Each structure stands twice: as structure tokens, then as C-alpha cells.
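The structure appears below as C-alpha cells.
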Amino acid sequence: MQEVDLLPPINTKVGEIFDISIPSNPSTGYSCLLSEMPSCVYFVDSEYIPDEPIVPGSGGTSKFKFVAVEKGSGKIIFHSVKFSDPLEILEPTVMQQRFVIVE
2 MQEVDLLPPI NTKVGEIFDI SIPSNPSTGY SCLLSEMPSC VYFVDSEYIP DEPIVPGSGG
62 TSKFKFVAVE KGSGKIIFHS VKFSDPLEIL EPTVMQQRFV IVE
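The opening position of the sequence shown corresponds to residue 2 in the numbering used here, with each subsequent residue numbered one higher.
Here is the structure:
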């Protein structure tokens with residue numbers, strides 16, 4: 002696996018909801034994909050929030066929402082991927098990796 006910037010761990014408690022925000026720009030043809038998460042958290046929702054002013058080609062933020070469901074820890078990994086037709090994932094690269102600790 003490639004090296005990614007070390008970000009501080011996410012410390013949370015069972016039942017709490019937390020977000021991870023990642024700078025992204027889908028207009029480049031690449032998407033931010035949640036590729037791995039521990040069993041102590043569930044994925045809830047994601048949304049793309051474009052930067053202001055909204056103009057073609059500008060970037061934004063991909064926001065992912067999770068809920069902590071049991072005590073534990075592990076990695077949440079996001080990849081930058083490009084999809085092709087027929088559907089195939091091309092050139093996956095790690096965008097962000099976060100360690101989560103649920104108490």
C-alpha cells in the first residue's frame with residue numbers, strides 16, 4: 002500500500018456519529034471511494050459539497066458520515082478511483098487513511 006499523510010486518529014464512543022471530509026474533484030473523472038472500514042463503525046451517508054463559487058471544473062469536498070456501533074478500532078481507507086466502461090476500476094490510489102478508536 003502506498004504511503005499517505007498521517008492524520009490524527011478519530012476517537013469516538015458507541016452511538017456517536019462522526020464525519021470524515023476529503024477534498025475531491027469529480028470533474029477530473031476520479032471519484033472518492035470508501036474501500037475499507039472496521040466492523041466497529043457503520044457507513045451512514047455521503048455527499049459531495051462543491052466549493053463556492055460553483056463553476057465547471059472546480060473542486061469541492063466529499064463528506065462521509067459514520068456511526069460507531071461497538072467498541073473496537075481499525076482503519077477507514079478511501080481511494081481515488083477512475084471508472085471505465087465496461088465498469089472497471091482503473092488506477093486506484095489511496096486518498097486518505099484514518100484510524101478510528103471506539104470506546
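Quick reminder that beta carbons are idealized off the backbone N, C-alpha and C, glycines included. Note that the structure is predicted; figures quoted are calculated from it, not measured.
Inset, instruction - Output the distance between the C-alpha atoms of residue 38 and residue 76, rounded to the nearest integer angstrom. - result: 6 Å
Legend entry - For residue 97 and residue 13, the rounded distance between their alpha carbons: 19 Å
Inset, instruction - Please name the residue, chosen from 22, 69, 59, that lies closest to residue 30 on a Cα-to-Cα basis. - result: 59
Inset, instruction - Closer than 6 Å by C-beta to residue 47: which residues in its own chain qualify, once you throw out the five before and the five after it? Chain order, please. - result: 65
Legend entry - Other residues of its chain near residue 21: CB distance less than 8 Å, five sequence neighbours each side excluded: 11, 64, 65, 67, 77, 79, 97, 99
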